[in-house]
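Since the structure comes first, as C-alpha cells, the remarks are kept for the end.
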Ligand SMILES: Cc1cc2nc3c(=O)[nH]c(=O)nc-3n(C[C@H](O)[C@H](O)[C@H](O)COP(=O)(O)O)c2cc1C
C-alpha cells in the first residue's frame, strides 16, 4: 500500500491497523539534539485517547507511547525515530458482518475494491480513526521542534451539529479551556450544549459532525514551496488525510467568495517595526507562502458513519442487496477526538516546510574541531 508517508524534509511514515498489533510512526529528518521523552509523546496522545468520556468510543486503549529508536540519553540523535502504541482492547467479532457487507459512509467498499479483498477490515483496519494515534505521535515531535523557534499550534471545536461558536474566541481561552471539557470547545457554556447534543443524538442511535479551527502563531514569513508544494495546499492535503474530513478552509475560506475585493484584501501596516496586515482573511498565507500573520484553517468533519441503525447495503460475494445492523464501539462524534489530530497535522506540515528552508536550525553540543 503506497501513500503512507508525508513530507520532504521531516518525513513521517504512519503504520498499523485498528485491530493489528500496533499503530506507529517513523520520522525521518528530525534534527539531532531535540530533548525528547516518552512523556512528551504521552501528553499529546492522552488528548485523543479513546474511552475518555461518554462522547467518545468506549474502546479502552491505554495508548502508552514507546520510543523504539532515534533517541539516546534524552535527545534525538538524527536517526529515524520510531514510536508505537500497542493495540490491547481489540474486539474484532462485530466486524465479521462488514467483511462482505460494506458500511454505508465508511471505506469498507472502496478498500475492498482497491486491495482486492485482502485489506484488514477488522475495526476499519487502515481506515480506522485509530491510525490517527500515529499522526499525534509524529505531531508531538513536530510541535516540540516548532516550540524551539517560538511557534505555537492551537485547535478548538467551533461547531458540533447545529451548535456553532459565533463570537470571537481569544488565544488565551483556547489555551485555557479546550482540554478542560469533553468536546474541546473554548467556550465552556457552548461546550455543555455541544455535549448534550452529542448525547441526545447518540441515544437516538445516530451521530454528528462538526468543525475544528486550527491556528498557528509566530510562524515565520516567506515559507512555502509554490507552486505545487504551496503551504496552503500541503495543509489541505494533510488535513484531508484525517479520516472523516470533508472540507478545509483557509482564512475567510468559502466566505471570501461572497466578499468584495475591498472587504477581503488584508491591508498592510507597520506595527512595532514589523509588517503586519490589518485583517487576516487570507489566513496567514498569500501565494502559497506564509505572510507572518496567524495561519488559520477550519476543518469540517462528517458525522460518524458507523451508527447502530438498520441500513441498506449490498452483499459483495453474492451480488445482492442486503441489510446491515451494526454493532462495535464507535465515536458518536469524531470532532472532540480529532482536535489534537488537527493540531498535529498542522504541526507536521509547518515543521516540514520550516526545516526545508533552514528555519529550524540543527542543534549541536560544541562539535569537536577536526
Ligand atoms: C479520531 C477519529 C475517530 C474516528 N472514529 C470513528 C468511529 O468510531 N466510527 C466510524 O465509523 N468512523 C470513525 N472515524 C472516521 C472514519 O475513520 C472515516 O469516516 C472512514 O475512514 C472513511 O473515510 P472518509 O470519511 O474520510 O471518507 C474516526 C475518525 C477520526 C479522525
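Residue numbers (the numbering used here): 21 to 390. Here a beta-carbon is modelled for each residue, glycine too, at the ideal position from N, C-alpha and C. Computed from a prediction, not measured in an experiment: that's the story for all the values here.
Selection from the options that minimises the alpha carbon distance to residue i
i, options, result
"residue 52", "75, 30, 98, 26", "98"
"residue 222", "179, 360, 350, 262", "350"
"residue 202", "290, 255, 291, 66", "66"
"residue 357", "278, 262, 368, 312", "262"
"residue 108", "198, 118, 70", "70"
"residue 118", "364, 139, 193", "139"
"residue 265", "325, 35, 184, 23", "325"
"residue 225", "328, 273, 96", "328"
"residue 25", "323, 257, 185", "257"
"residue 243", "310, 62, 128, 193", "310"
"residue 72", "40, 194, 204", "204"
"residue 191", "27, 219, 314, 133", "314"
"residue 32", "377, 321, 381, 369", "369"
"residue 345", "198, 217, 334", "334"
"residue 367", "159, 150, 213", "159"
"residue 337", "161, 274, 133", "133"
"residue 114", "347, 354, 355, 152", "347"
"residue 294", "169, 273, 154, 238", "238"
"residue 407", "62, 371, 273, 245", "This structure gives no information on residue 407, because the portion of the chain shown stretches from 21 to 390."
"residue 5", "381, 80, 74, 39", "Residue 5 lies beyond the stretch modelled for the chain, which goes from 21 to 390, so this question has no answer here."
"residue 143", "136, 135, 127", "127"
"residue 206", "194, 213, 212", "194"
"residue 173", "183, 187, 198", "198"
"residue 183", "196, 211, 170", "211"
"residue 371", "247, 189, 254", "254"
"residue 381", "34, 135, 27, 170", "170"
Neighbour-count burial assignment, residue i, 16 or more Cβ in a 10 Å radius
i, result
"residue 298", "exposed"
"residue 374", "buried"
"residue 45", "buried"
"residue 383", "exposed"
"residue 121", "buried"
"residue 59", "exposed"
"residue 37", "buried"
"residue 123", "buried"
"residue 111", "exposed"
"residue 323", "buried"
"residue 287", "exposed"
"residue 96", "buried"
"residue 177", "buried"
"residue 216", "exposed"
"residue 79", "buried"
"residue 230", "buried"
"residue 227", "buried"
"residue 377", "exposed"
"residue 209", "exposed"
"residue 150", "buried"
Contact set for residue i: own chain, Cβ-Cβ below 7 Å, skip 5 residues either direction
i, result
"residue 332", "341, 343"
"residue 82", "108"
"residue 252", "270, 305, 308"
"residue 156", "64, 65, 68, 360, 361, 364"
"residue 42", "36, 104, 105, 106, 107"
"residue 273", "318"
Residue i CB to nearest heavy atom of ligand 1 below 8 Å
i, result
"residue 268", "no"
"residue 26", "no"
"residue 351", "yes"
"residue 127", "yes"
"residue 263", "yes"
"residue 322", "yes"
"residue 29", "no"
"residue 154", "no"
"residue 80", "no"
"residue 149", "yes"
"residue 273", "no"
"residue 144", "yes"
"residue 325", "yes"
"residue 357", "yes"
"residue 110", "no"
Cβ neighbours of residue i in the same chain (closer than 6 Å, five flanking residues each side left out)
i, result
"residue 379", "240"
"residue 77", "70, 349, 350, 351"
"residue 362", "175, 232, 234, 319"
"residue 101", "47, 50, 90"
Beta-carbon proximity list for residue i, same chain, < 8 Å, skipping 5 on both sides
i, result
"residue 116", "none"
"residue 300", "271, 286, 313, 314, 316"
"residue 75", "202, 203, 215, 218, 219, 222, 351, 352, 353, 356"
"residue 131", "139, 141, 145, 146, 147"
"residue 54", "95, 96, 161, 164, 165, 168, 383"
"residue 276", "284, 301"
Alpha helix (DSSP H) runs wholly inside the segment 121-186, at least 4 long, in chain order: For the segment 121-186, whole alpha helix (DSSP H) runs of length 4 or above, ordered along the chain, are 128-134, 152-167.
Completely contained beta strand (DSSP E) runs for the segment 22-76, where each covers 3 or more residues: Within the segment 22-76, the complete beta strand (DSSP E) runs of at least 3 residues are 31-36, 42-48.
Residue ranges of each alpha helix (DSSP H) within the segment 269-341, 4 or longer: Runs of the alpha helix (DSSP H) lying entirely within the segment 269-341, each at least 4 residues long, are 281-284 in chain order.
Secondary structure, alpha helix (DSSP H): runs of 4+ residues fully inside the segment 187-238: Scanning the segment 187-238 for uninterrupted alpha helix (DSSP H) segments of 4 residues or longer gives 191-197, 208-223, listed from N- to C-terminal end.
Ranges of the alpha helix (DSSP H) found wholly within the segment 340-388, counting only runs of at least 4: Taking 4 residues as the shortest admissible run, the segment 340-388 contains the following complete alpha helix (DSSP H) segments, listed from N- to C-terminal end: 355-376.
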